[in-house]
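Mind the numbering: the sequence shown is residues 1 to 162 in our numbering, read in order. Note that CB positions come from ideal geometry on N, CA and C, so glycine has one too. Okay, so here's the structure we're looking at.
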Amino acid sequence: PLNYLVIVQYTRVLPSLFGRVLIPPAVANELGHPAAPPEVRDFIKSPPEWLEIRRPQASDPSLCYLGDGEIEAISLALELRAELLLTDDLEARQVALMRHIEVAGTLGVLARAASKGLIDLPQTIAELRKTTFRMPRGIVERMLSEVQPNPGSSRRDVTHGQ
């Protein structure tokens, strides 16, 4: 989610929703990779105060079929007993859920932000559609009909994986 939130310029919702976000070095490396969009590379070169890069003490070898970012993010979430893992990767989401870690992807973050009155969801979805992000039409339509602004937020630490 961080990649797309940077591209559509909505990273500001993350500290409002979660207080701080932790990413492992592998995710930071992916964001800074030469193939990443320039704005994403610039973002990770000078990360905001609410974003912390933290290496997990150990990586779970049973996750070897996932990418490095996903392995480190899930390992970090387990280690810190994080309440939430941000990832759009389907396999990583399934593994996290099996390990009792709540997950949210880009659309989930945007739905939370819209429900807190932090963003205009239709406008944000329109901007996200201009990127390479794949959005199932049914999910987007359901989000647009269900999400109602509800100001007030509970902050909590989250771990982010690509």
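Stretch pair the segment 98 to 111 + the segment 130 to 143: three plus CB contacts closer than 8 Å:
yes
State the CB to CB distance for the pair residue 24 and residue 73, rounded to an integer number of angstroms; the pair is presumed to be in contact (CB under 8 Å).
6 Å
Answer with yes or no whether the minimum CB distance from residue 23 to chain D is below 8 Å.
Annotation note: the requested chain D is absent from the structure, which comprises a single protein chain.
How is the alpha helix (DSSP H) around residue 72 delimited, first residue to last?
For residue 72, the enclosing alpha helix (DSSP H) starts and ends at 68 to 80.
Sequence ranges, alpha helix (DSSP H) only - wholly within the segment 24 to 68, length at least 4:
25 to 31, 38 to 45
Should residue 118 and residue 143 be called a contact, given that it needs their Cβ atoms to be closer than 8 Å?
no
Same chain only: Cβ atoms within 6 Å of residue 75, ignoring 5 sequence neighbours per side:
56, 59, 60
Return the Cβ separation of residue 17 and residue 112 in integer angstroms, given the expectation that the two are a contact with Cβ distance under 8 Å.
5 Å
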